[in-house]
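Enquirer:
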Amino acid sequence: MLVPLNQEATMSKTAALSSLKETDQPWAVHHDPERFARVAELHRKAFAWEPQGWIPLGIHVVDPAHSADLSYDNWLDPATMFGIQCHVLHDTLTVGSDLLPSMPLNHLGCAPLASMFGAKLIMPDEAGATFQDVGPTPLPILCDIADVNELAMPAMDAGILPAVERIMVYYRQHLPSWIDVVPPMPSGPFSTAMQLRGSELLIELVDRPTECAKLIRMCAEAEANSSRYLHRRMGAQMDRLITNFGILGTGLRLGEDSMVNLSPEMIHAFCLPAFEAVNDICGGRGHVHFCSLVERRHEHIYTALADTDSVAVISSQFGFEYYQQHVDVLRGRLAVESFYGDALAHCIGEHGSFEQWAGGFVPRFKNESGLVLYMQVASVEEGQRYWQAWQDAHTLPQR
Numbered sequence: 000m001l002v003p004l005n006q007e008a009t010m011s012k013t014a015a016l017s018s019l020k021e022t023d024q025p026w027a028v029h030h031d032p033e034r035f036a037r038v039a040e041l042h043r044k045a046f047a048w049e050p051q052g053w054i055p056l057g058i059h060v061v062d063p064a065h066s067a068d069l070s071y072d073n074w075l076d077p078a079t080m081f082g083i084q085c086h087v088l089h090d091t092l093t094v095g096s097d098l099l100p101s102m103p104l105n106h107l108g109c110a111p112l113a114s115m116f117g118a119k120l121i122m123p124d125e126a127g128a129t130f131q132d133v134g135p136t137p138l139p140i141l142c143d144i145a146d147v148n149e150l151a152m153p154a155m156d157a158g159i160l161p162a163v164e165r166i167m168v169y170y171r172q173h174l175p176s177w178i179d180v181v182p183p184m185p186s187g188p189f190s191t192a193m194q195l196r197g198s199e200l201l202i203e204l205v206d207r208p209t210e211c212a213k214l215i216r217m218c219a220e221a222e223a224n225s226s227r228y229l230h231r232r233m234g235a236q237m238d239r240l241i242t243n244f245g246i247l248g249t250g251l252r253l254g255e256d257s258m259v260n261l262s263p264e265m266i267h268a269f270c271l272p273a274f275e276a277v278n279d280i281c282g283g284r285g286h287v288h289f290c291s292l293v294e295r296r297h298e299h300i301y302t303a304l305a306d307t308d309s310v311a312v313i314s315s316q317f318g319f320e321y322y323q324q325h326v327d328v329l330r331g332r333l334a335v336e337s338f339y340g341d342a343l344a345h346c347i348g349e350h351g352s353f354e355q356w357a358g359g360f361v362p363r364f365k366n367e368s369g370l371v372l373y374m375q376v377a378s379v380e381e382g383q384r385y386w387q388a389w390q391d392a393h394t395l396p397q398r
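Sequential numbering of the sequence shown, starting at 0, is according to numbering that gives the first Met the number 0.
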């Protein structure tokens, strides 16, 4: 259930964009099966720590002009975001970086899973429209952790999942078959449990561990089941899971931001069993995201997850820095996906330009493996400049 806070928002700009159909976009010029197969192999080899002399880099182009004056008032209408995402995908494919052709439902954030358990969703009065949004905010539903004993596992028609399915079917009907339609970002089991219970869960992990573990396990199974349902609805195979950012994952990529509040011991006790439950249902090995910030890197996560076979990839904005400092520790154990969010601006600030940073980083690590990077830019021209710089950096000798 959505609780709208802005009933007066208009959709004029979005309505015009939503009229775009498949024939309005020159998709055929981008259709290159051989290149897409090479990109998928770059991702696979990197996450498997197979040396290949190249560090995969994806460049997403999100031009804010395409979504000016966007309102989220009709955010569950299939046509609302389709036109904008067509522009995003066309511009991204024009750059030609190491991304797979996909159209994800990122504007929903991680909200669908919480809604399936009955959480109300709050949408802010104004939302930026560059697909960096985290979607609506779920409100807690459990007044006491003991309430988990009365909580039922949600069915596949619970919450906003039917609306999500309608959006995906609409996208599938209006796109060529070689473009993957990707479900909303999978929510990490622990992060979803915190959404449903609130921050009190952090104390209850110590005081009421049995009920907490039950809630986290339920969230894991519900996420895995709903993701598997939506992937199969699109005709996708569970052994080929494309992330919400055009990367071939090692498993279902889980957004587990709240995990940064836990010690390594608690991550092992509460998060790893949940990751294993997702792997059991969806296949593959763990592909887990947490947010790192300019001010805080949360590096204890890497050491906590490097000790387990349940997780193959850790994804975080500044993970490339940890990789740079600890590649010997990570090698063959835990691959890194990184460089999105604030990382590009931070590197430019530290090194003077992207070209300067790449010229030092790439020659040093191109013959290693275990690393996939992607970033976001505002124009095709900017993306092409960075893509050329990335190719040039691979020809430079190590400094």
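Cβ atoms here follow ideal geometry from the backbone N, Cα and C, with glycine treated the same way.
1) Quick check: what's the CA-CA separation for residue 100 versus residue 178?
2) Is the segment 252 to 265 touching the segment 288 to 298, taking contact as three or more C-beta pairs under 8 Å?
3) Tell me residue 252's beta-bridge partners as DSSP assigns them.
4) Is the separation between the beta-carbon of residue 297 and that of residue 263 shorter than 9 Å?
5) Can you tell me which of 351, 392, 337 puts its alpha carbon nearest to the alpha carbon of residue 363?
6) By Cβ distance below 7 Å, which residues in the same chain neighbour residue 278 in space, the five residues on each side in sequence not counted?
7) May I have the straight-line CA-CA distance separating residue 59 from residue 145, to the nearest angstrom?
8) On the three-state DSSP scale, how would you describe residue 172?
9) Is the beta carbon of residue 75 closer than 9 Å to that of residue 171?
10) Find out if the Cβ-Cβ distance for the pair residue 160, residue 138 is shorter than 9 Å.
11) With a 10 Å radius around its C-beta and 16 neighbouring C-beta atoms as the bar for buried, classify residue 90 as buried or exposed.
12) Give me, in chain order, the residues of the same chain whose beta-carbon lies closer than 7 Å to that of residue 302; leave out the 5 immediate sequence neighbours on both sides.
13) Please report the straight-line C-alpha distance between residue 271 and residue 78, rounded to a whole angstrom.
14) To the nearest whole angstrom, what separates the beta carbons of residue 221 and residue 273, a pair I think is in contact under 8 Å?
15) From this set, 157, 182, 158, which residue's C-alpha is nearest residue 169's C-alpha?
16) Do the segment 24 to 40 and the segment 346 to 354 make contact, defined as three or more Cβ pairs closer than 8 Å?
17) Label residue 226 either buried or exposed according to how many other C-beta atoms from any shown protein chain fall within 10 Å of its C-beta, with 16 as the threshold for buried.
18) With DSSP as the reference, label residue 59 as helix, strand or coil.
19) So residue 215 packs on residue 269, CB below 8 Å; how close in whole Å?
20) Among all the DSSP beta bridges, which residues are the ones paired with residue 137?
21) Check the DSSP bridge columns for residue 186 and list the partner residues they point to.
22) Pull up the distance between the alpha-carbon of residue 243 and that of residue 395, whole angstroms please.
23) My guess is that residue 108 and residue 82 are in contact by the Cβ rule of under 8 Å, so how many angstroms apart are they, rounded?
24) Applying the criterion that 16 or more other CB atoms from any shown protein chain within 10 Å of the CB defines a buried residue, is residue 176 buried or exposed?
25) Counting C-beta neighbours from all protein chains within 10 Å, is the total for residue 97 16 or more, i.e. buried, or is it exposed?
Expert: So, to answer that:
1) Distance between the alpha carbons of residue 100 and residue 178 is about 5 Å.
2) yes
3) 286
4) no
5) 392
6) 250, 284, 285, 309
7) 44 Å
8) helix
9) no
10) no
11) buried
12) 263
13) Approximately 38 Å between the Cα atoms of the pair.
14) That pair is no contact at about 11 Å.
15) Checking every option, the nearest Cα to that of residue 169 belongs to 182.
16) Counting Cβ pairs under 8 Å, fewer than three are found: no touch.
17) buried
18) strand
19) 6 Å
20) 120
21) For residue 186, the beta-bridge partners assigned by DSSP are 254.
22) 32 Å
23) About 20 Å separates the two Cβ atoms, so there is no contact after all.
24) exposed
25) buried
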